[in-house]
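K.L.:
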Amino acid sequence: MTQAKERPILFSAPMVRAILSGQKTVTRRVTKVQPRSDADIGSYGKGQPFIRNPDVTKPNPECPYGRPGDRLWVRETWYCDHFEVMRGPYLKPDDLDIGEALNDGALVYAADGLAPYEQEQPTWKPSIPMPRWVSRILLEITDVRVERLNDIAENQARAEGITDGGCNNCGNNEPCGCECPAPSAVDSFVHLWDSINGAGAWDVNPWVWVVEFKRVTP
């Protein structure tokens with residue numbers, strides 16, 4: 001039996017909040033290799049899709065986030081006021097109790113907002129170099145597949161963390177006053193995707209890895 005692997009994954013503050021609330025159970029990430037029209041898109045088994053372009057000598061790209069059973073630890077924007085952590089590298093100090101640090105505000109996450117006494121002091125640490133010991137969210141992959149971005153359905157848009165139908169023109173919840181006749185979760189997801197990836201990113205309709213997950217205890 002193949003041993004499950006752990007990998008880091010980045011999420012923005014709004015998506016972290018959606019995961020913590022249980023609203024977000026899937027993420028879509030653009031595949032590094034975009035299939036050609038004559039590409040072979042298949043599966044080695046459940047949750048193990050692959051993309052193979054003809055005349056490519058490199059190994060067939062599999063999902064870089066893993067396969068069902070593998071785990072993803074979430075990297076997010078954070079802050080810790082311990083002097084050893086602040087001067088780097090971000091190693092866990094021997095005298096730092098994570099539980100106590102969370103309770104007294106020494107370790108905080110941007111997704112949670114700031115307490116009043118913290119407003120003037122924290123210098124947020126970016127999510128990319130977040131060390132494993134700081135991560136508070138662990139996800140277990142339940143399914144992986146590859147599909148076109150525009151194929152997303154209403155239920156999948158809601159599983160992406162979209163809670164309300166939103167207008168594709170302005171992104172506001174319905175009724176928004178625009179001429180969009182029936183705003184939906186998909187419309188709101190389109191607006192979210194373009195806000196993250198740039199105007200017109202949805203229209204490109206790239207192939208994406210669809211990674212479904214459940215939250216587990218770290």
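One point on numbering: in full-length UniProt numbering, the residue at position 205 of the sequence shown is 205, and numbering is uninterrupted. Positions of the beta carbon are idealized from the N, C-alpha and C atoms, including for glycine. No experiment lies behind these values; they were computed from the predicted model shown.
In angstroms with no decimal places, state the Cα-to-Cα distance between residue 24 and residue 202.
P.N.:
As a first step, residue 24 must be located in the sequence shown, where it is residue number 24. As a first step, residue 202 must be located in the sequence shown, where it is residue number 202. Residue 24 and residue 202 have their C-alpha atoms some 20 Å from each other.
K.L.:
DSSP puts residue 148 in a beta bridge; with which residues?
P.N.:
As a first step, residue 148 must be located in the sequence shown, where it is residue number 148. DSSP lists 207 as partners of residue 148.
K.L.:
Would a C-beta distance cut-off of 7 Å place residue 219 and residue 157 closer than the cut-off?
P.N.:
No answer is possible for residue 219: the residues shown for the chain start at 1 and end at 218.
K.L.:
Can you list, in chain order, the residues of its chain with a C-beta nearer than 7 Å to that of residue 132? Leave out the 5 residues immediately preceding and following it.
P.N.:
By one-based count along the sequence shown, residue 132 stands at place 132. Closer than 7 Å at the Cβ level, and outside the excluded window around residue 132, lie 73.
K.L.:
Measure the alpha-carbon distance for residue 79 versus residue 14 and round it to whole angstroms.
P.N.:
Numbered from its first residue, the sequence shown carries residue 79 at position 79. Numbered from its first residue, the sequence shown carries residue 14 at position 14. Linking residue 79 to residue 14 through their CA atoms gives a straight-line distance of about 17 Å.
K.L.:
Please name the residue or residues paired with residue 213 in a DSSP beta bridge.
P.N.:
Residue mapping note: residue 213 aligns to position 213 of the sequence shown, counting from 1. Answer is 141.
K.L.:
Counting only the same chain and skipping the five closest in sequence on each side, list residues whose C-beta sits under 6 Å from that of residue 18.
P.N.:
Sequence index remark: in the sequence shown, residue 18 carries index 18 (1-based). 24 and 161, listed in sequence order.
K.L.:
Please report how far the alpha carbon of residue 211 lies from the alpha carbon of residue 93, in whole angstroms.
P.N.:
The count along the sequence shown starts at 1 and reaches residue 211 at position 211. The count along the sequence shown starts at 1 and reaches residue 93 at position 93. Rounded to the nearest angstrom, the two C-alpha atoms are 34 Å apart.
K.L.:
Would you kindly work out how many angstroms separate the C-alpha atoms of residue 81 and residue 112, rounded to a whole number?
P.N.:
Reading the sequence shown from its first residue, position 81 is the one you call residue 81. Reading the sequence shown from its first residue, position 112 is the one you call residue 112. Computed Cα separation, rounded: 16 Å.
K.L.:
Which value, in whole angstroms, describes the spacing of the CA atoms of residue 206 and residue 218?
P.N.:
Sequence index remark: in the sequence shown, residue 206 carries index 206 (1-based). Sequence index remark: in the sequence shown, residue 218 carries index 218 (1-based). Using only the alpha carbons, I get a separation of about 33 Å.
K.L.:
With distance defined between alpha-carbon atoms, name the residue in 184, 34, 99 and 70 nearest to residue 213.
P.N.:
To locate residue 213, count along the sequence shown from 1; it is residue 213. Checked all of 184, 34, 99 and 70; the closest Cα to residue 213 is 70.
K.L.:
Which residue from 87, 88, 107 and 89 puts its Cα closest to that of residue 96?
P.N.:
Here residue 96 refers to the residue found at position 96 when the sequence shown is read from its first residue. The residue with the shortest Cα to Cα distance from residue 96 is 107.
K.L.:
Check whether the Cβ atoms of residue 154 and residue 135 sit closer than 7 Å, and answer yes or no.
P.N.:
By 1-based counting over the sequence shown, the position of residue 154 is 154. By 1-based counting over the sequence shown, the position of residue 135 is 135. Pairing residue 154 with residue 135 gives a Cβ-Cβ distance that is not under 7 Å.
K.L.:
Taking the Cβ atom as the reference point for each residue, do residue 101 and residue 77 lie within a distance shorter than 7 Å?
P.N.:
Stepping through the sequence shown from its first residue, residue 101 is reached at position 101. Stepping through the sequence shown from its first residue, residue 77 is reached at position 77. Result no, Cβ atoms of residue 101 and residue 77 do not sit closer than 7 Å.
K.L.:
Ignore the nearest five residues each way along the sequence and tell me which others in residue 200's own chain have a CB closer than 8 Å to its CB.
P.N.:
In the sequence shown, the residue the question calls residue 200 occupies position 200. Only 194 meet the Cβ criterion.
K.L.:
Buried or exposed: which applies to residue 11, given that a residue is buried once 16 or more other Cβ atoms fall within 10 Å of its Cβ?
P.N.:
Taking the sequence shown and counting its residues from 1, the one referred to as residue 11 is at position 11. Residue 11 comes out buried.
K.L.:
Would you call residue 196 buried or exposed, if buried means 16 or more other Cβ atoms sit within 10 Å of its Cβ?
P.N.:
As a working mapping, residue 196 is identified with position 196 in the sequence shown. Exposed, by the Cβ-count rule.
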